[in-house]
Every structure is written in structure tokens, then in C-alpha cells.
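In this note's numbering, the protein residues as written are 10 to 133. Here a beta-carbon is modelled for each residue, glycine too, at the ideal position from N, C-alpha and C. Working notes for the structure below.
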């Protein structure tokens, strides 16, 4: 992919700017989630507060899966299988993957405790 990714401070004008582009914003206290407008090409943009729990958990899972390729392959295969099986039912897809995600997070937490994991620099 040739599109550049850049990390910048949150700008409170983003929701309005994204709305002009036809994107929708879902906001939580430490996370902003942008989606495409209905009928447009699928786009997900997650903006998380630096150092927040909602930032660190995905980084922990990412780093754990990078350090454990067999688990990453297992997760990828399961997600592809469920995406095919539940192509028209997003809620069923999420329900199917939830137990494995929690199991991987338990493994990732144990791994983090074992090695003294801390979030590293951004990939962006």
C-alpha cells in the first residue's frame, strides 16, 4: 500500500471534516472510530488516545501475534473462515470470534507478564 499513514494529535474539528467527506464518527472517551457513509467503499479508521487502555490492548495483541506466528496463523484462518461463514451476519461473525479473541488476550497477557512487555513505537 502506498498511502502514507501519519500520527497527529486529535483535532476536535475532525468529526465535522469527516462528515463533509461522507464519513461517520463513533466516539468513546479514548477512541474515535470513523466509517464510510452507507454504500461507499468500506473504510475503518481508529484514532486512540496515546497511553489509554483502548490503545494498549490492540498493541499488546498485535505484538503477541507477531511474536507467536502459529497463533497469528490460527487467528487469521479462523477470521477468514468466520468471515466466509457469516458474510451476511456481522453480529454472528463477532460472536464467533469473541471466545478466541479473549483466549488470545489471556495468552498475550501472560506473555506480557513473562517478558515485561511495554508498548513500543507506532508502526505509522
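Exercise. For the beta strand (DSSP E) that contains residue 53, what are its first and last residues?
Worked result: Counting along the chain, the beta strand (DSSP E) containing residue 53 begins and ends at 53-57.
Exercise. In whole angstroms, what is the alpha-carbon distance linking residue 25 and residue 103?
Worked result: Those two C-alpha atoms are separated by around 29 Å.
Exercise. What three-state label does DSSP hand residue 42 in the structure shown?
Worked result: In the structure shown, residue 42 sits in a strand (DSSP, three-state: E or B).
Problem set entry | Neighbourhood of residue 99 by C-beta distance below 8 Å, restricted to the same chain and skipping five residues each side | Exclusion of the five residues before and after residue 99 leaves no residue of its chain whose Cβ lies closer than 8 Å to its Cβ.
Problem set entry | Pick from 20, 91, 116, 27 that is closest to residue 71, judged by C-alpha positions | The alpha carbon of residue 71 has as its nearest neighbour, out of 20, 91, 116, 27, the alpha carbon of 116.
Exercise. Helix, strand or coil: how does DSSP classify residue 132 here?
Worked result: In the displayed model, residue 132 falls within coil according to three-state DSSP, outside both helix and strand.
Exercise. Where does residue 114 fall in DSSP's three states?
Worked result: In this structure, residue 114 counts as helix in the three-state DSSP scheme.
Problem set entry | Start-to-end residues for the alpha helix (DSSP H) that takes in residue 63 | Run containing residue 63: 62-76, per the alpha helix (DSSP H) assignment.
Exercise. Okay, do the segment 123-133 and the segment 86-95 touch, 3+ Cβ pairs below 8 Å being the bar?
Worked result: No, the segment 123-133 does not touch the segment 86-95.
Problem set entry | residue 68 and residue 128 closer than 7 Å at C-beta | Taking 7 Å as the Cβ cut-off, residue 68 and residue 128 qualify as a contacting pair.
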